Amino acid sequence: MRQHPWMYLFILPGVLYFTVFQYLPLLGNLVAFKDYSPFLGFSASPWVGFSNFTGLLTDSEFLTALQNTLLISLLQVVVAFPAPILLALLLNSLLSDRVKRWVQSVVYLPHFFGWVIVISIWQAVFGGVGPMAELLHALGFGQQNVMANPDTFLALVTAQVVWKEIGWGTIVFFAAISAIPVERYEAAAVDGAGGWRRTWHVTLPGISSVIVLLLILRLGTVLNVGFEQLLLQQHAVGADAAQVLDTYGYFRGVVGGEWGLATAAGLVKGIVGTALVIAANSIAKRAGQGGLF
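Position one of the sequence shown corresponds to residue -12 (this note's numbering), numbered consecutively onward.
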(Lines of atoms letter the chains of each structure in order from A and count residues from 1; the text may use other names and numbers.)
(Lines give C-alpha, C1' and ligand atoms only; values in the text may rest on other atoms or scores of the structure.)
Protein backbone atom coordinates (compact mmCIF):
# COMPACT_ATOMS: atom_id res chain seq x y z
CA MET A 1 0.00 0.00 0.00
CA ARG A 2 2.91 2.35 0.65
CA GLN A 3 4.33 1.64 -2.80
CA HIS A 4 1.08 2.22 -4.71
CA PRO A 5 -1.14 4.54 -2.61
CA TRP A 6 -2.95 6.00 -5.63
CA MET A 7 -4.01 2.55 -6.81
CA TYR A 8 -5.81 1.96 -3.51
CA LEU A 9 -7.33 5.42 -3.68
CA PHE A 10 -9.12 4.37 -6.86
CA ILE A 11 -10.94 1.52 -5.08
CA LEU A 12 -11.96 3.75 -2.15
CA PRO A 13 -15.33 4.81 -3.70
CA GLY A 14 -16.28 1.16 -4.24
CA VAL A 15 -15.27 0.24 -0.69
CA LEU A 16 -17.32 3.14 0.69
CA TYR A 17 -20.34 2.12 -1.40
CA PHE A 18 -20.37 -1.46 -0.15
CA THR A 19 -19.68 -0.37 3.41
CA VAL A 20 -22.49 2.20 3.56
CA PHE A 21 -25.15 0.51 1.45
CA GLN A 22 -24.39 -3.21 1.91
CA TYR A 23 -22.62 -3.93 5.20
CA LEU A 24 -23.94 -1.27 7.59
CA PRO A 25 -27.58 -2.16 6.77
CA LEU A 26 -26.82 -5.71 7.97
CA LEU A 27 -27.07 -4.32 11.50
CA GLY A 28 -30.80 -3.90 10.82
CA ASN A 29 -31.17 -7.68 11.05
CA LEU A 30 -31.34 -7.16 14.82
CA VAL A 31 -34.98 -6.24 14.21
CA ALA A 32 -35.66 -9.94 13.54
CA PHE A 33 -34.98 -10.64 17.22
CA LYS A 34 -36.97 -7.70 18.60
CA ASP A 35 -40.55 -6.53 18.89
CA TYR A 36 -39.47 -3.52 16.91
CA SER A 37 -41.29 -0.20 16.95
CA PRO A 38 -40.05 2.78 14.92
CA PHE A 39 -41.14 5.04 17.79
CA LEU A 40 -38.95 3.20 20.30
CA GLY A 41 -35.96 2.64 18.04
CA PHE A 42 -33.41 -0.17 18.03
CA SER A 43 -32.24 0.16 21.61
CA ALA A 44 -35.60 0.59 23.36
CA SER A 45 -37.51 -2.08 21.43
CA PRO A 46 -37.79 -5.24 23.58
CA TRP A 47 -35.94 -8.45 22.70
CA VAL A 48 -38.14 -11.41 21.78
CA GLY A 49 -35.48 -13.96 20.85
CA PHE A 50 -36.59 -16.35 18.13
CA SER A 51 -40.30 -15.62 18.51
CA ASN A 52 -40.49 -13.97 15.09
CA PHE A 53 -38.96 -17.07 13.46
CA THR A 54 -41.35 -19.44 15.22
CA GLY A 55 -44.16 -17.12 14.15
CA LEU A 56 -43.11 -17.59 10.53
CA LEU A 57 -43.39 -21.37 10.80
CA THR A 58 -46.98 -21.09 12.07
CA ASP A 59 -48.00 -18.41 9.58
CA SER A 60 -49.93 -19.96 6.68
CA GLU A 61 -49.37 -16.86 4.56
CA PHE A 62 -45.60 -17.20 4.95
CA LEU A 63 -45.71 -20.89 4.02
CA THR A 64 -47.74 -20.02 0.91
CA ALA A 65 -45.26 -17.28 0.00
CA LEU A 66 -42.33 -19.68 0.50
CA GLN A 67 -43.97 -22.33 -1.67
CA ASN A 68 -44.70 -19.85 -4.46
CA THR A 69 -41.18 -18.45 -4.25
CA LEU A 70 -39.59 -21.88 -4.58
CA LEU A 71 -41.82 -22.87 -7.51
CA ILE A 72 -41.21 -19.64 -9.42
CA SER A 73 -37.47 -19.75 -8.69
CA LEU A 74 -37.25 -23.38 -9.83
CA LEU A 75 -38.92 -22.53 -13.12
CA GLN A 76 -36.64 -19.55 -13.64
CA VAL A 77 -33.51 -21.62 -12.99
CA VAL A 78 -34.68 -24.50 -15.23
CA VAL A 79 -36.16 -22.37 -18.04
CA ALA A 80 -35.00 -18.76 -17.83
CA PHE A 81 -31.34 -19.45 -17.01
CA PRO A 82 -30.58 -21.75 -20.01
CA ALA A 83 -32.56 -19.56 -22.45
CA PRO A 84 -29.72 -17.02 -23.04
CA ILE A 85 -27.26 -19.88 -23.52
CA LEU A 86 -29.42 -21.46 -26.22
CA LEU A 87 -29.95 -18.11 -27.95
CA ALA A 88 -26.21 -17.36 -27.84
CA LEU A 89 -25.49 -20.75 -29.42
CA LEU A 90 -28.09 -20.05 -32.08
CA LEU A 91 -26.63 -16.64 -32.86
CA ASN A 92 -23.16 -18.14 -33.03
CA SER A 93 -24.34 -20.56 -35.71
CA LEU A 94 -25.54 -17.74 -37.96
CA LEU A 95 -23.19 -16.79 -40.77
CA SER A 96 -24.43 -13.24 -41.30
CA ASP A 97 -23.01 -10.70 -38.83
CA ARG A 98 -25.77 -8.27 -39.82
CA VAL A 99 -28.47 -10.76 -38.80
CA LYS A 100 -26.63 -11.44 -35.53
CA ARG A 101 -26.51 -7.75 -34.63
CA TRP A 102 -30.16 -7.25 -35.58
CA VAL A 103 -31.37 -10.18 -33.48
CA GLN A 104 -29.23 -9.07 -30.54
CA SER A 105 -30.66 -5.56 -30.70
CA VAL A 106 -34.25 -6.81 -30.82
CA VAL A 107 -33.97 -9.24 -27.90
CA TYR A 108 -31.82 -6.85 -25.84
CA LEU A 109 -34.31 -3.96 -25.97
CA PRO A 110 -36.84 -5.29 -23.38
CA HIS A 111 -34.11 -5.31 -20.72
CA PHE A 112 -34.36 -1.51 -20.56
CA PHE A 113 -38.13 -1.58 -19.91
CA GLY A 114 -39.31 -1.24 -16.34
CA TRP A 115 -41.69 -3.85 -15.00
CA VAL A 116 -44.57 -1.37 -15.13
CA ILE A 117 -44.10 -1.08 -18.90
CA VAL A 118 -43.58 -4.83 -19.32
CA ILE A 119 -46.76 -5.71 -17.45
CA SER A 120 -48.67 -3.07 -19.42
CA ILE A 121 -47.49 -4.57 -22.71
CA TRP A 122 -48.38 -8.09 -21.66
CA GLN A 123 -51.76 -6.91 -20.38
CA ALA A 124 -52.49 -5.29 -23.74
CA VAL A 125 -51.58 -8.51 -25.59
CA PHE A 126 -52.73 -11.28 -23.26
CA GLY A 127 -55.42 -9.49 -21.23
CA GLY A 128 -59.14 -10.12 -21.43
CA VAL A 129 -59.61 -7.69 -24.34
CA GLY A 130 -56.28 -8.32 -26.05
CA PRO A 131 -55.63 -10.03 -29.39
CA MET A 132 -54.65 -13.31 -27.70
CA ALA A 133 -58.03 -13.47 -25.92
CA GLU A 134 -59.83 -12.80 -29.19
CA LEU A 135 -57.80 -15.53 -30.94
CA LEU A 136 -58.59 -18.09 -28.24
CA HIS A 137 -62.26 -17.11 -28.37
CA ALA A 138 -62.31 -17.54 -32.15
CA LEU A 139 -60.73 -20.99 -31.79
CA GLY A 140 -63.51 -22.07 -29.46
CA PHE A 141 -61.76 -21.81 -26.09
CA GLY A 142 -64.18 -19.25 -24.72
CA GLN A 143 -63.34 -15.89 -23.22
CA GLN A 144 -59.87 -16.24 -21.71
CA ASN A 145 -57.82 -13.76 -19.67
CA VAL A 146 -54.33 -15.19 -19.34
CA MET A 147 -53.20 -12.29 -17.13
CA ALA A 148 -55.85 -13.10 -14.50
CA ASN A 149 -55.62 -16.89 -14.51
CA PRO A 150 -53.98 -18.25 -11.31
CA ASP A 151 -53.52 -21.70 -12.88
CA THR A 152 -51.16 -20.40 -15.56
CA PHE A 153 -49.53 -17.66 -13.49
CA LEU A 154 -46.27 -19.54 -12.87
CA ALA A 155 -45.75 -20.08 -16.59
CA LEU A 156 -46.73 -16.47 -17.27
CA VAL A 157 -44.19 -15.06 -14.81
CA THR A 158 -41.42 -17.26 -16.22
CA ALA A 159 -42.25 -16.24 -19.79
CA GLN A 160 -42.12 -12.57 -18.80
CA VAL A 161 -38.66 -13.00 -17.27
CA VAL A 162 -37.39 -14.84 -20.36
CA TRP A 163 -38.79 -12.16 -22.69
CA LYS A 164 -37.32 -9.31 -20.67
CA GLU A 165 -33.88 -10.67 -19.74
CA ILE A 166 -32.88 -13.14 -22.44
CA GLY A 167 -31.08 -10.47 -24.45
CA TRP A 168 -29.04 -9.28 -21.47
CA GLY A 169 -27.84 -12.78 -20.67
CA THR A 170 -27.10 -13.50 -24.31
CA ILE A 171 -24.53 -10.69 -24.42
CA VAL A 172 -22.50 -12.34 -21.65
CA PHE A 173 -22.57 -15.81 -23.20
CA PHE A 174 -22.02 -14.53 -26.73
CA ALA A 175 -18.93 -12.64 -25.52
CA ALA A 176 -17.66 -15.85 -23.91
CA ILE A 177 -18.21 -17.76 -27.16
CA SER A 178 -16.38 -15.12 -29.19
CA ALA A 179 -13.34 -15.55 -26.89
CA ILE A 180 -12.93 -19.22 -27.87
CA PRO A 181 -9.95 -19.54 -30.28
CA VAL A 182 -10.99 -20.12 -33.88
CA GLU A 183 -8.27 -22.76 -34.20
CA ARG A 184 -10.30 -25.13 -32.03
CA TYR A 185 -13.22 -25.01 -34.46
CA GLU A 186 -10.88 -25.47 -37.40
CA ALA A 187 -9.21 -28.46 -35.78
CA ALA A 188 -12.59 -30.01 -34.99
CA ALA A 189 -13.74 -29.46 -38.57
CA VAL A 190 -10.56 -31.11 -39.89
CA ASP A 191 -11.29 -34.12 -37.67
CA GLY A 192 -14.70 -34.39 -39.31
CA ALA A 193 -16.87 -32.82 -36.59
CA GLY A 194 -20.11 -31.30 -37.83
CA GLY A 195 -21.90 -28.28 -36.45
CA TRP A 196 -23.54 -30.14 -33.56
CA ARG A 197 -20.28 -31.88 -32.60
CA ARG A 198 -18.37 -28.58 -32.63
CA THR A 199 -21.02 -27.03 -30.41
CA TRP A 200 -20.96 -29.93 -27.95
CA HIS A 201 -17.20 -30.50 -27.79
CA VAL A 202 -15.81 -26.99 -28.40
CA THR A 203 -18.35 -24.27 -27.64
CA LEU A 204 -19.96 -25.63 -24.47
CA PRO A 205 -16.63 -26.59 -22.80
CA GLY A 206 -15.29 -23.17 -23.77
CA ILE A 207 -18.06 -21.31 -21.92
CA SER A 208 -18.56 -23.82 -19.09
CA SER A 209 -16.66 -21.64 -16.58
CA VAL A 210 -18.94 -18.68 -17.33
CA ILE A 211 -22.04 -20.86 -17.04
CA VAL A 212 -20.92 -22.20 -13.65
CA LEU A 213 -20.04 -18.72 -12.37
CA LEU A 214 -23.41 -17.23 -13.35
CA LEU A 215 -25.27 -20.26 -12.01
CA ILE A 216 -23.59 -19.87 -8.62
CA LEU A 217 -24.51 -16.19 -8.53
CA ARG A 218 -28.07 -17.05 -9.56
CA LEU A 219 -28.41 -19.54 -6.73
CA GLY A 220 -27.44 -16.78 -4.31
CA THR A 221 -30.59 -14.89 -5.29
CA VAL A 222 -32.77 -17.99 -5.66
CA LEU A 223 -35.38 -16.60 -3.26
CA ASN A 224 -35.53 -13.23 -5.06
CA VAL A 225 -38.11 -13.71 -7.79
CA GLY A 226 -39.02 -10.14 -8.65
CA PHE A 227 -40.80 -7.96 -6.12
CA GLU A 228 -42.12 -5.38 -8.56
CA GLN A 229 -43.19 -7.95 -11.15
CA LEU A 230 -45.22 -9.94 -8.64
CA LEU A 231 -46.64 -6.94 -6.80
CA LEU A 232 -48.03 -5.43 -10.00
CA GLN A 233 -49.93 -8.64 -10.85
CA GLN A 234 -51.01 -9.84 -7.42
CA HIS A 235 -54.35 -8.03 -7.52
CA ALA A 236 -55.30 -9.84 -10.75
CA VAL A 237 -54.53 -13.43 -9.72
CA GLY A 238 -54.79 -13.23 -5.94
CA ALA A 239 -52.32 -13.65 -3.10
CA ASP A 240 -52.49 -17.45 -3.18
CA ALA A 241 -50.81 -17.46 -6.58
CA ALA A 242 -48.64 -14.32 -6.48
CA GLN A 243 -47.60 -13.94 -2.84
CA VAL A 244 -43.82 -14.46 -2.56
CA LEU A 245 -41.32 -13.71 0.19
CA ASP A 246 -40.55 -10.25 -1.19
CA THR A 247 -44.20 -9.16 -1.26
CA TYR A 248 -44.81 -10.90 2.07
CA GLY A 249 -42.14 -8.76 3.70
CA TYR A 250 -43.61 -5.64 2.12
CA PHE A 251 -47.19 -6.24 3.23
CA ARG A 252 -46.27 -7.47 6.71
CA GLY A 253 -43.53 -4.94 7.39
CA VAL A 254 -44.12 -1.70 5.48
CA VAL A 255 -47.91 -1.97 5.25
CA GLY A 256 -48.77 -3.99 8.35
CA GLY A 257 -46.10 -2.68 10.71
CA GLU A 258 -44.90 -6.17 11.76
CA TRP A 259 -41.26 -5.20 11.32
CA GLY A 260 -39.79 -8.10 13.27
CA LEU A 261 -41.69 -10.74 11.30
CA ALA A 262 -40.81 -9.17 7.95
CA THR A 263 -37.13 -8.84 8.90
CA ALA A 264 -37.05 -12.47 10.03
CA ALA A 265 -38.36 -13.52 6.62
CA GLY A 266 -35.68 -11.42 4.93
CA LEU A 267 -32.97 -12.90 7.17
CA VAL A 268 -34.10 -16.41 6.24
CA LYS A 269 -33.71 -15.45 2.57
CA GLY A 270 -30.19 -14.20 3.17
CA ILE A 271 -29.11 -17.30 5.10
CA VAL A 272 -30.52 -19.67 2.48
CA GLY A 273 -28.91 -17.70 -0.37
CA THR A 274 -25.52 -17.68 1.37
CA ALA A 275 -25.70 -21.42 2.05
CA LEU A 276 -26.59 -22.17 -1.56
CA VAL A 277 -23.70 -20.08 -2.89
CA ILE A 278 -21.19 -21.81 -0.59
CA ALA A 279 -22.56 -25.27 -1.44
CA ALA A 280 -22.66 -24.61 -5.19
CA ASN A 281 -19.15 -23.17 -5.13
CA SER A 282 -17.85 -26.24 -3.30
CA ILE A 283 -19.55 -28.60 -5.76
CA ALA A 284 -18.16 -26.64 -8.72
CA LYS A 285 -14.61 -26.89 -7.37
CA ARG A 286 -14.97 -30.62 -6.79
CA ALA A 287 -16.18 -30.97 -10.38
CA GLY A 288 -13.02 -29.28 -11.62
CA GLN A 289 -14.41 -25.80 -12.25
CA GLY A 290 -12.90 -22.59 -10.95
CA GLY A 291 -15.86 -21.62 -8.81
CA LEU A 292 -16.58 -18.17 -7.47
CA PHE A 293 -14.05 -18.01 -4.61
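Note that beta-carbon positions come from the ideal geometry of N, C-alpha and C, so glycine has one too. The model shown is predicted, which means the values in this text are computed figures rather than measured ones.
Check	Outcome
7 Å Cβ cutoff met for L201 and A267	no
C-beta contact flag for V264 and T56 at 7 Å	no
Contact between the region 208 to 225 and the region 60 to 74 (3+ Cβ pairs under 8 Å)	yes
Proximity of Q131 and L123 at Cβ, strictly below 7 Å	yes
CB-CB length for T190 against V66, believed under 8 Å	About 21 Å separates the two Cβ atoms, so there is no contact after all.
Neighbourhood of A223 by C-beta distance below 7 Å, restricted to the same chain and skipping five residues each side	M134 and A135
Cβ separation of G247 and A52, assumed to be a contact under 8 Å, to the nearest whole Å	That belief does not hold up - the Cβ atoms of G247 and A52 are roughly 17 Å apart, past 8 Å.
Given F214 as reference, the closest of G101, N79, F29 and G36 once Cα atoms are compared	G101
Nearest candidate by alpha-carbon position, reference I153, set L77, I104, V103 and S165	L77
Selection from A229, G42 and L204 that minimises the alpha carbon distance to Q281	Here the chain comprises residues numbered -12 to 280, so residue 281 is not present and cannot be evaluated.
Backbone CA spacing between V94 and A75 [nearest angstrom]	11 Å
C-beta atoms of Y23 and S30 nearer than 7 Å	no
Burial state of E173 (16 or more Cβ within 10 Å)	exposed
Proximity of G225 and P137 at Cβ, strictly below 7 Å	yes
Minimum C-alpha distance to F68 - residue among G156, I258 and P192	G156
Best match in G244, G236, V149 and V259 for proximity to P25 [C-alpha to C-alpha]	G244
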